[in-house]
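Undergrad:
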C-alpha cells in the first residue's frame, strides 16, 4: 500500500540489519557488479558511432519486469518487490514512496486549515518537515534517492525534540452558533513556523468525504511530491494509476490509514459519512490508532471516532491483529518504546525484523510525529530507532491518553474479553516445548518491571499504577492465573528444566528476584510496592470496609446524586450507604454495581470496593490537573504522595494521607471511584475537583478536546 513506506531507504535498511552499500538483505536482488569482476562493454557496431540503445526485445523485457513489479506493489508484497530490484532501483523506489507517505501525512495532519491541497508543493512540505526549503536539493545537487551521510557521532549529534510534554484537556460539548471565518484567499501567505495561526478552510472544502483520497490520487498522478521522474522508477506507474482508477477502494483504505495515523479529527469526521472501504480490516484500525496515540492533541478522540464509524461491535470481532496482539498489547508496546530502552525483539519475536517497534515515529505525549523535523532528519541519516536520549519518564499525558482510550473501548457494553491472553513476551519452554502466554495484568507487571529496570531518569511508576487501577476498574481479573516462567522472560532459564508454573499477576511480581529490585531508585521501589499491594487488594475479599470515606465531598441527606443527563435522582444511590464513625461514607450509585438499565444494558464496570475506588478517584484528578511545566519539575504533583499510598496500602495508616484526600479537594464520587457527571467514564476537571487546581494553562502546549460523550453514544446504540 502507499501508506506503508514510513522509512526512507537508509533507515529502512538499518531496520533490517543492513547498512546502505553492503550486500542486500533482500536475497536474490541484482546488486552492483562486484569490484573483483571486470566486464567490458561491446564495441560499437559501426566505427565512429556510439553503441546503440536497448534493442526492441530488451525494451519489452524491461516493460514486462516493470509491470510485474507493479503487480507485486499492488498486492502488498513489498519485500518481494524490493528483492527484484537492484541496489539503486531499491533506493530510488523506497525514497520515492516514502516521499509520498510524507506528503500524504502532512496533508492529513493539517487538513482543514492553512494551505489547500494544491498548495502542498515539495518545497512547502520540506519547509514544514525539514525546516528549510533548501533541504530537498535540486535535480542538479541531489541525485534521486540519495540520503545524507550517517552522523558519525551518533544520533546525539542531531537536533532533538524538547523534553517537555504537550497535553490534552477535555472540555464540555457546548452548543453554539458557528460564525464563519473570513474567506482566506488561496494565494495568501502562511506562517510556516506557526500552524496554529493558519485560518480554517471553508466548511464545504474541509468536509467533503472524497477529497482527501482524491488529493492522494492527484499526487500520485502528477508526482508533485518527489523530484524523481517517473520514467526512472523501476515500476510501471501507468499500471498502478490504472489499477487505482479501476478500484478506488484501495486508495480509500490508504486514506483512512493515513487519517487515523495523523489523528486529525476534522479529517476523520469528513470520512465518517462515506462508505467504509471493504479492505479496512487489513489495517486493523483500532490497533493502528493505539500505535499512533497523541496525548498532546487528541487523547482518546480517535477511538471515539472509530466506534462511531465502525460500530461498537467492530472491536470485539477484530480483537487481535496479524501479530496476534490485542489493543491493550499495543498500548503496552507504546509504553515500552516511549519510556524504556527495552529492545523490540525481547518483547516479541515478530518484531525481528524489522528491529524497531511499530509507530516509533509517533510520540504519545505529542513531542514529535512522523513529519517532525527531528524525526525526518534522524531517519534520513540512517537511524531507524528513536534514540534513548529523546525519551523521558512515563508521563501524565501518556498515562491519561492510555487510560481514556482503554475506557473508550473496554467500558463499552460490547467489548472484547478484557482478560484475553497477551501476544507479548510469549515464550516457549526449552524443555517441554509448552507455549507460555501472559494475561493482561501479567503483561502490565512485566512492563512495570522494565520501567523500573530499564526506564528513564525520574521514573516514578505512577503511570503503571494508573493503568493497573484503570484496568481493575474496568473489570480485569487480578486472580487470573496463567502458566508462565519468570526465568524465561528474564532470559535466565536453565536448559533441560521446566521453569514454568501457574501464577497470577501478584505472584509474578513477587517472583522477581530481589537483586533486581535493590538496584532501582527509591521512587521505583515505592511504586513497585504500591502496584504489589493494589494487586493483592484487588484479588482479596477484604476491601469491604472503607478506610477513608469522607475523602470526597460528603453530602447531606438532602443532597441528591446527579444522573447522566444532568438531572437529579435521589434513587440512583442503589446500594445502601454506611457510616464510618460519625462520618458519611462515599455513596454508592448504580453506576458501579455494575450499571444495569433496561434501556441500556450492562456496562462493564464492576464495583471494586471503596479503597480501590478512592485510589481511582485520586488518580483521575492527578491526571486531569497536573503536568510537568519545566525541566526539573517533579513528575507527580505535591497533591498525590506515592509514599503515603504505600503506607496506607500496607496498613501503616488508616487513611490515605495525601493532600488530595486530607484537604478534601475531591467532589463526590461513587464507591468504586467514578465521578458523577453527564459522562462519568470521562470526567472533566470541574466535575472532579472542588476547587481549581490545574497547572495546565500553557495554551501553546495544551489542546482543548471536546468530551467524547461515551454514555450518550452507547445509550443510542442500545
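In full-length UniProt numbering, the protein residues as written are 1 to 718.
In this text, a Cβ means the ideal position worked out from N, Cα and C, and glycines have one as well.
#1: Does residue 167 come out as helix, strand or coil in the three-state DSSP assignment?
#2: I want to know whether the stretch 620-628 touches the stretch 382-400 - three or more CB-CB distances under 8 angstroms.
#3: Mind checking which residues open and close the beta strand (DSSP E) that includes residue 469?
#4: For residue 100 versus residue 261, is the C-beta spacing smaller than 8 angstroms?
#5: I'd like the span of the alpha helix (DSSP H) that includes residue 502, first residue to last.
#6: Between the stretch 220-237 and the stretch 252-272, do at least 3 Cβ pairs fall closer than 8 angstroms?
#7: Taking all protein chains shown into account, do 16 or more other C-beta atoms lie within 10 angstroms of the C-beta of residue 363, making it buried, or fewer, making it exposed?
#8: Who are the Cβ neighbours of residue 681 in its own chain at under 6 angstroms, not counting the five residues just before and after it?
#9: In or out: residue 294 buried (at least 16 other Cβ within 10 Å) or exposed?
#10: Cβ of residue 511 less than 8 angstroms from any chain D Cβ?
#11: What's the gap between the Cα of residue 676 and the Cα of residue 521?
#12: Excluding the 5 residues preceding and the 5 following residue 498 in the sequence, name in chain order all residues of the same chain whose CB lies nearer than 6 angstroms to its CB.
#13: What three-state label does DSSP hand residue 705 in the structure shown?
#14: Using 8 angstroms as the Cβ pair cut-off and three pairs as the minimum, do the stretch 476-483 and the stretch 492-507 touch?
#15: Grouping DSSP H, G and I as helix and E and B as strand, with all else coil, what is residue 113?
#16: If we ignore side chains and look at the alpha-carbon of each, how far apart do residue 487 and residue 532 end up?
#17: List in chain order: all unbroken beta strand (DSSP E) runs of 3+ residues lying wholly within the stretch 252-304.
#18: Please list, in chain order, all residues of the same chain as residue 597 whose beta carbon is under 7 angstroms from its beta carbon, the five residues on each side excluded.
#19: Is residue 60 buried or exposed, if buried means 16 or more other CB atoms sit within 10 Å of its CB?
#20: Quick one, are the C-beta atoms of residue 696 and residue 617 less than 8 angstroms apart?
#21: Looking at residue 360 and residue 369, is the spacing between their C-beta atoms short of 8 angstroms?
#22: If you draw a straight line from the alpha carbon of residue 642 to that of residue 526, how long is it in whole angstroms?
#23: Candidates 690, 87, 199 and 672: which alpha carbon is nearest residue 470's?
#24: Kindly indicate the opening and closing residues of the alpha helix (DSSP H) around residue 522.
#25: Could you tell me if residue 328 is buried or exposed, where buried requires 16 or more neighbouring beta carbons within 10 angstroms of its beta carbon?
#26: How many whole angstroms separate the CB atoms of residue 299 and residue 170, which I take to be in contact at a CB cut-off of 8 angstroms?
#27: Can you tell me the Cα-Cα spacing of residue 70 and residue 89, whole angstroms?
#28: Beta-carbon separation of residue 15 and residue 416 under 8 angstroms?
#29: Going by the beta-carbon positions, is the gap between residue 347 and residue 425 smaller than 8 angstroms?
#30: With DSSP run on the structure shown, which of helix, strand or coil describes residue 385?
#31: Should residue 588 be labelled buried (16 or more other beta-carbon atoms within 10 Å of its own) or exposed?
#32: Within a Cβ cutoff of 8 angstroms, which residues of the same chain sit near residue 265, ignoring the five residues on either side of it in sequence?
#33: With DSSP as the reference, identify every bridge partner of residue 481, one or two as the case may be.
TA: Reading from the atomic positions:
#1: To locate residue 167, count along the chain shown from 1; it is residue 167. Strand, per DSSP.
#2: yes
#3: If you number the chain shown from 1, residue 469 lands on position 469. Element bounds for residue 469: not the beta strand (DSSP E) but the alpha helix (DSSP H), 462-473.
#4: Taking the chain shown and counting its residues from 1, one reaches residue 100 at position 100. Taking the chain shown and counting its residues from 1, one reaches residue 261 at position 261. Contact flag unset, no.
#5: Here residue 502 corresponds to residue number 502 of the chain shown, with the count starting at 1. Note, residue 502: premise wrong, no alpha helix (DSSP H); beta strand (DSSP E) at 501-503.
#6: no
#7: Within the chain shown, numbered from 1, the residue matching residue 363 stands at position 363. Classification of residue 363: buried, given that the 10 Å Cβ count is 16 or more.
#8: For the purposes of this step, residue 681 is identified with residue 681 of the chain shown, where counting begins at 1. Excluding positions up to five away in sequence, the list reads 407, 411 and 710.
#9: For the purposes of this step, residue 294 is taken as the residue at position 294 of the chain shown. It is buried - the Cβ of residue 294 has at least 16 other Cβ atoms within 10 Å.
#10: Of the protein chains in this structure there is only one, and it is not chain D.
#11: Working through the chain shown from its first residue, we reach residue 676 at position 676. Working through the chain shown from its first residue, we reach residue 521 at position 521. For residue 676 and residue 521, the distance between alpha carbons rounds to 37 angstroms.
#12: Your numbering for residue 498 matches position 498 in the chain shown. Counting only Cβ-Cβ distances below 6 angstroms, and skipping sequence neighbours, we find 429, 431 and 432.
#13: On the chain shown, position 705 is the one that residue 705 refers to. Three-state DSSP puts residue 705 in a strand.
#14: yes
#15: Taking the first residue of the chain shown as 1, we reach residue 113 at position 113. In this structure, residue 113 counts as strand in the three-state DSSP scheme.
#16: Locating residue 487 in the chain shown gives position 487, counting from the first residue. Locating residue 532 in the chain shown gives position 532, counting from the first residue. For residue 487 and residue 532, the distance between alpha carbons rounds to 19 angstroms.
#17: none
#18: The residue you call residue 597 lines up with position 597 of the chain shown. At residue 597, the pLDDT of 45 sits below 50, so the modelled position is not reliable; the number obtained from the coordinates is stated separately. There are no such residues.
#19: Indexing the chain shown from 1 puts residue 60 at position 60. The residue is exposed, with fewer than 16 neighbouring Cβ atoms inside 10 Å.
#20: Along the chain shown, read from residue 1 onward, the residue named residue 696 stands at position 696. Along the chain shown, read from residue 1 onward, the residue named residue 617 stands at position 617. Taking 8 angstroms as the Cβ cut-off, residue 696 and residue 617 do not qualify as a contacting pair.
#21: If you number the chain shown from 1, residue 369 lands on position 369. If you number the chain shown from 1, residue 360 lands on position 360. No. Outside cutoff.
#22: Indexing the chain shown from 1 puts residue 642 at position 642. Indexing the chain shown from 1 puts residue 526 at position 526. About 7 angstroms.
#23: Position 470 of the chain shown holds residue 470. Measuring from the Cα of residue 470, the nearest candidate turns out to be 672.
#24: The residue you call residue 522 lines up with position 522 of the chain shown. Run containing residue 522: 522-539, per the alpha helix (DSSP H) assignment.
#25: Numbered from its first residue, the chain shown carries residue 328 at position 328. Residue 328 should be labelled buried.
#26: Your numbering for residue 299 matches position 299 in the chain shown. Your numbering for residue 170 matches position 170 in the chain shown. Contact flag correct, Cβ pair sits at about 7 angstroms.
#27: Translated into positions along the chain shown, residue 70 becomes position 70. Translated into positions along the chain shown, residue 89 becomes position 89. Whole-angstrom Cα-Cα distance: 13 angstroms.
#28: In the chain shown, the residue the question calls residue 15 occupies position 15. In the chain shown, the residue the question calls residue 416 occupies position 416. No, these two residues do not count as a Cβ contact at 8 angstroms.
#29: Taking the chain shown and counting its residues from 1, the one referred to as residue 347 is at position 347. Taking the chain shown and counting its residues from 1, the one referred to as residue 425 is at position 425. A contact, by the Cβ cut-off of 8 angstroms.
#30: For the purposes of this step, residue 385 is identified with residue 385 of the chain shown, where counting begins at 1. Coil.
#31: Here residue 588 is taken as the residue at index 588 of the chain shown, counted from 1. Summary for residue 588: the model assigns pLDDT 38, below 50, so the residue's position carries little reliability; its value from the coordinates is reported in the next sentence. Answer is buried; the Cβ neighbour count reaches 16.
#32: Mapped onto the chain shown, residue 265 falls at position 265. Around residue 265: 298, 301, 302 and 305.
#33: The residue you call residue 481 lines up with position 481 of the chain shown. For residue 481, which the question treats as bridged, DSSP gives no partner whatsoever.
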